[in-house]
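From first to last, the protein sequence lines are chains D and Z. Start counting the first sequence at 1018; every next residue gets the next number (the numbering used here). Start counting the second sequence at 1402; every next residue gets the next number (the numbering used here). Ideal Cβ positions, reconstructed from N, Cα and C, are used throughout, including at glycine. Owing to the predicted nature of the structure, the values given are computational and were not obtained by experimental measurement. Structure first, commentary second.
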Amino acid sequence: STVVLVFQAPVAKSTKDNTPSTDFRFNIKRGDRIHVGEALGRWNDS
Amino acid sequence: NPFFLNQLRTFSSSAKAALNDGHNSNSSSSNGNTYLLPGATVATILMLGALHARRLYDDKKVEEAKEKGFEPGFQPDAKASFLGLLPLCTISRMWGSLMSVELPVKMRPYVYRAWARAFHSNLEEVALPLEEYPSMRDFFARRLREGCRPIDSDSQCLISPVDGIVVRFGELKEPGAMIEQVKGFSYSVSALLGLNSFLPMVSGKDVVEKSSEVENVHRDQTKKSWWRVSFSSPKFQEPVPASPIKGLFYCVLYLSPGDYHRIHSPVDWNVLVRRHFSGRLYPVNERATRTIRNLYVENERIVLEGQWQQGYLALAAIGATNIGSIELYTEPELRTNRPRKKILQSEPPEERVYEREGVGCMVKKGEEVAAFNMG
């Protein structure tokens, strides 16, 4: 079985040219074994 | 392989001898049958063993190639086409019924330990003593001991909803929002989640309207004469694929047979819609992803859609031949992998909007939302 997640995550605006840049970062690699409760990715509010 | 052929020859010659003996006398007839049946059984077991060994060898080759940096591409084959002809949903239900048979208490630990050894399950995490799982199906959908899966407490993180292997992840940027199944083949996110999904996309129509607005403004500014407009060739606008709004991500996780098969909420989440797609039940292992087109879009699945702190979130739980049914805690009466009267495979999904007081169904980060079951 397989689970697919599709989600919106925070986007920060670059202070230099006001262009959108992604603030969300995955902290996984392809082929990694992951468990329930472990972080897939993180973001910053700043 | 030579060993297998020798074995087959031995068994066929012994079977022939047994048959000849059977013609000679009545008393030896029973002996002939006695030899024939075990011979055929052993030959079948050997054949299945040889096929399994070959498959393991092929998989090992793929793993080695991956380690060298070569990514296997999409290669549809005859076996995949043959799978399409099989009644996989019926096979899955039969498998489920077989696995629901209650096992004798004394046998249970041996059977479950054998399963755990074959599929690398950690029996130390199991919530109950092995004797308390009446059937393989119950053991498969087991809960874990309290504290085995600590939930990351960081409020700015999204957690994994399942135990599994990360197959693919990334950001959806291109118009049409496609997820790569394997190198050389992608499937549409809209097809996976449903065409009436709330997927935050800038629609192709909006893009066309915006561009025509810009064109009109430009036309007014340049003050083109009427005939230039009249004789200009008509423009047939092809449908423009929608583009995802910035910051739309995806992650594909594969659960192998030995894994914990319950699904948890990745964040605090307000589930607004449930969609059930009753499709096929192809296997979803790595080999299947390389050989079966639109695997995830074809298979039976449940999609939960809703809103979280940062916007849109959808979770698609996709079944497979051995794990065909999905149990939903927000809707315990829902049954999947049911026999269908309709012949057509491509039925529209069955949808339910959760409108409990107009706020949907709230689930907390780490809370159980669904479970995969055998068959």
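As assigned by DSSP and simplified to three states, the class of residue i
i	result
S1613(Z)	With a pLDDT of 49 at S1613(Z), under the threshold of 50, the modelled position of this residue cannot be trusted, and the question is left open.
M1537(Z)	helix
W1060(D)	coil
N1774(Z)	strand
P1482(Z)	The question names Pro, yet the displayed sequence has Ser at residue 1482(Z). The answer is helix: DSSP assigns S1482(Z) an H, G or I state.
Y1683(Z)	coil
S1589(Z)	strand
L1696(Z)	helix
S1626(Z)	Any reading at S1626(Z) must be qualified, since the residue scores a pLDDT of 41, below 50, and its modelled position is unreliable; no value is offered.
V1053(D)	coil
I1559(Z)	Per the sequence shown, the amino acid found at residue 1559(Z) is Leu instead of Ile. Reduced to three states, the DSSP call for L1559(Z) is strand.
E1464(Z)	helix
Endpoints, the alpha helix (DSSP H) within which residue i is located
i	result
T1692(Z)	E1687 to T1692
M1495(Z)	L1489 to M1500
R1663(Z)	Counting along the chain, R1663(Z) falls outside any alpha helix (DSSP H), though it belongs to the beta strand (DSSP E) covering R1663 to H1665.
R1676(Z)	Premise fails: R1676(Z) lies in the beta strand (DSSP E), W1670 to F1678, not in any alpha helix (DSSP H).
V1512(Z)	R1509 to F1520
Contacts of residue i in chain D (Cβ-Cβ under 8 Å)
i	result
H1662(Z)	S1018
Beta-carbon neighbours of residue i, restricted to chain Z and to distances below 7 Å
i	result
R1059(D)	D1555, Q1557 and C1558
R1050(D)	I1566
Span of the beta strand (DSSP E), counted from its first residue to its last, around residue i
i	result
A1026(D)	Unbroken run through A1026(D): none, as it is neither H nor E.
Y1651(Z)	L1649 to Y1655
F1570(Z)	G1565 to E1572
Y1713(Z)	G1712 to I1719
V1754(Z)	E1751 to V1754
G1725(Z)	Taken as a continuous stretch (DSSP letters only), G1725(Z) belongs to no beta strand (DSSP E), as it is neither H nor E.
E1706(Z)	R1702 to W1709
I1580(Z)	M1579 to V1583
Contact set between residue i and chain Z, taken where Cβ atoms lie within less than 8 Å
i	result
R1047(D)	V1567, V1568, R1569 and F1570
Proximal chain D residues relative to residue i, where beta-carbon distance stays under 9 Å
i	result
A1717(Z)	T1019, V1020, V1021, L1022 and V1023
L1649(Z)	V1023, F1024, Q1025 and A1026
C1652(Z)	V1020, V1021, L1022, V1023, F1024, F1043, I1045, L1057 and G1058
Residues in the segment 1537 to 1571 of chain Z having any Cβ partner in chain D nearer than 9 Å
L1545, C1549, R1550, P1551, I1552, D1553, D1555, Q1557, C1558, L1559, I1560, S1561, P1562, V1563, D1564, G1565, I1566, V1567, V1568, R1569, F1570 and G1571
The segment 1471 to 1481 of chain Z touching the segment 1577 to 1590 of chain Z, judged by at least three CB pairs closer than 8 Å:
yes
Counting only Cβ-Cβ distances shorter than 7 Å, please list the residues of the segment 1510 to 1521 of chain Z near chain D, keeping chain order.
none
Hey, is the segment 1692 to 1704 of chain Z in contact with the segment 1718 to 1725 of chain Z, meaning 3+ C-beta pairs nearer than 8 Å?
yes
With a threshold of 8 Å, are at least 3 pairs of Cβ atoms found where one atom belongs to the segment 1671 to 1689 of chain Z and the other to the segment 1540 to 1552 of chain Z?
no
Should the segment 1651 to 1664 of chain Z be regarded as contacting the segment 1504 to 1524 of chain Z, the criterion being three or more beta carbon pairs within less than 8 Å?
yes
Stretch-stretch touch, CB-based, cutoff 8 Å, three pairs: the segment 1501 to 1518 of chain Z with the segment 1533 to 1548 of chain Z
yes
With three or more C-beta pairs closer than 8 Å as the rule, is the segment 1670 to 1683 of chain Z touching the segment 1724 to 1732 of chain Z?
yes
Meets three-Cβ-pair contact criterion under 8 Å: the segment 1594 to 1601 of chain Z and the segment 1705 to 1719 of chain Z
yes
If contact means a Cβ-Cβ distance below 8 Å, which residues of the segment 1670 to 1692 of chain Z contact chain D?
V1685
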